[in-house]
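Q:
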Amino acid sequence: MAETKVSYRYAASLIDLALEKNTLDELSKDMELVLSAILSSKDLGNLLLSPVIKNETKKSILSEIFKNKISEDSLNFINFIVEKNREYILDSIIEKFLEIRDEKLGVVRVEVKTSVDFTDEQKVKLKEKLENILNKKAFLNFITDKTIIGGFVAKVGDTVYDASIKHQLELLRKEFLQGSVQLN
Numbered sequence: 001m002a003e004t005k006v007s008y009r010y011a012a013s014l015i016d017l018a019l020e021k022n023t024l025d026e027l028s029k030d031m032e033l034v035l036s037a038i039l040s041s042k043d044l045g046n047l048l049l050s051p052v053i054k055n056e057t058k059k060s061i062l063s064e065i066f067k068n069k070i071s072e073d074s075l076n077f078i079n080f081i082v083e084k085n086r087e088y089i090l091d092s093i094i095e096k097f098l099e100i101r102d103e104k105l106g107v108v109r110v111e112v113k114t115s116v117d118f119t120d121e122q123k124v125k126l127k128e129k130l131e132n133i134l135n136k137k138a139f140l141n142f143i144t145d146k147t148i149i150g151g152f153v154a155k156v157g158d159t160v161y162d163a164s165i166k167h168q169l170e171l172l173r174k175e176f177l178q179g180s181v182q183l184n
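Numbering (my numbering), first residue to last: 1 to 184.
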């Protein structure tokens with residue numbers, strides 16, 4: 001819980017900096033790149049988590065990795081996080097930053113699991129439907145999951161919209177077990 005509060009404070013500070021300097025788009029792209037690197041590189045993750053590696057060494061390595069790839073403000077922010085010994089939660093800080101940014105922009109990120117790849121037309125229709133339901137602009141991330149049999153499961157934050165055949169079969173099974181289904 002304390003870690004979440006700390007992540008939020010640093011993320012909110014970065015948002016304030018971005019809004020003050022009118023660089024929200026640039027900082028957002030930078031933070032997405034850094035987060036992607038952290039999540040995809042075990043070595044980078046280990047560097048950030050290591051209590052043995054000195055902060056100056058960490059800053060030097062991070063500067064070398066992200067030199068000419070992210071803005072000076074972004075690199076300064078990362079170095080500041082390292083100086084404050086919070087690099088072990090850098091991924092959490094960036095995730096919070098992206099959440100706050102999306103909130104400010106009225107955007108919601110939706111993870112959509114489908115049993116088969118949706119056509120472009122289906123994706124557009126689902127996006128429009130979700131935007132109407134949520135009353136926000138939606139960015140959909142599609143994931144194929146054969147276990148849901150058919151339909152889709154959309155996750156928005158902590159809310160799940162389950163329109164899968166697997167879910168419908170589970171509901172039917174529960175009704176049969178409760179004896180509430182009547183056959184004519």
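Each residue gets a CB set at the ideal place from its N, CA and C atoms; glycine is no exception.
A quick note: this is a predicted structure, and the numbers were derived from the prediction, not measured.
#1: Check each candidate in P51, L62, K21 and name the one with the smallest Cα separation from N85.
#2: Would you check if the segment 166 to 177 and the segment 138 to 146 touch, i.e. whether three or more CB-CB distances between them fall below 8 Å?
#3: Which one of E64, R173, I93 has the shortest CA to CA distance from F188?
#4: Under 8 Å by Cβ, that's how I've got V107 and K136 pegged, so tell me the actual separation to the nearest angstrom.
#5: Anyone know if the C-beta pair for L75 and I61 falls short of 8 Å?
#6: Whole angstroms is fine: what's the gap from D120's alpha carbon to L19's?
#7: Quick one: measure Cβ to Cβ for D102 and R109, integer angstroms, because I've assumed they're closer than 8 Å.
#8: Given that a residue counts as buried once 16 or more other Cβ atoms are within 10 Å of its Cβ, and exposed if not, what is V191?
#9: Write down every uninterrupted run of the beta strand (DSSP E) in the segment 87 to 173 whose length is 3 residues or greater and which is fully enclosed by it, in chain order.
#10: So, under 8 Å CB-CB, I89 and S7 are touching, yes? Tell me the CB distance rounded to an integer number of Å.
#11: Mind checking whether V34 and F80 have CB atoms under 8 Å apart?
#12: Considering only the beta carbon of each residue, do K125 and A138 sit closer than 8 Å?
#13: As a quick exercise: from D158, K174, G150, K155, pick the residue whose alpha carbon is nearest that of I165.
#14: Report back the beta-carbon spacing between V82 and K59 to the nearest angstrom; my notes put them in contact at under 8 Å.
A: To lay it out plainly:
#1: Locating residue 85 in the sequence shown gives position 85, where the first residue counts as 1. It is P51.
#2: no
#3: Since the first residue shown for the chain is 1 and the last is 184, residue 188 is missing from the structure and cannot be characterised.
#4: One-based indexing of the sequence shown puts residue 107 at position 107. One-based indexing of the sequence shown puts residue 136 at position 136. Confirmed, about 6 Å.
#5: Here residue 75 is taken as the residue at index 75 of the sequence shown, counted from 1. Here residue 61 is taken as the residue at index 61 of the sequence shown, counted from 1. Not in contact: L75 and I61 (Cβ atoms no closer than 8 Å).
#6: Translated into positions along the sequence shown, residue 120 becomes position 120. Translated into positions along the sequence shown, residue 19 becomes position 19. So the alpha carbons of these two residues sit roughly 34 Å apart.
#7: Here residue 102 refers to the residue found at position 102 of the sequence shown. Here residue 109 refers to the residue found at position 109 of the sequence shown. Yes, D102 and R109 are in contact; Cβ-Cβ is about 6 Å, under 8 Å.
#8: Nothing about residue 191 can be read from this structure; the chain reaches only from 1 to 184.
#9: 107 to 114, 137 to 144, 151 to 156, 159 to 164
#10: To locate residue 89, count along the sequence shown from 1; it is residue 89. To locate residue 7, count along the sequence shown from 1; it is residue 7. With a Cβ gap of about 5 Å, I89 and S7 count as contacting.
#11: If you number the sequence shown from 1, residue 34 lands on position 34. If you number the sequence shown from 1, residue 80 lands on position 80. No; because the gap between Cβ atoms is not below 8 Å, this pair is not in contact.
#12: For the purposes of this step, residue 125 is taken as the residue at position 125 of the sequence shown. For the purposes of this step, residue 138 is taken as the residue at position 138 of the sequence shown. Not closer than 8 Å, so no.
#13: In the sequence shown, the residue the question calls residue 165 occupies position 165. The shortest Cα separation from I165 among D158, K174, G150, K155 belongs to G150.
#14: Reading the sequence shown from its first residue, position 82 is the one you call residue 82. Reading the sequence shown from its first residue, position 59 is the one you call residue 59. Yes, V82 and K59 are in contact; Cβ-Cβ is about 5 Å, under 8 Å.
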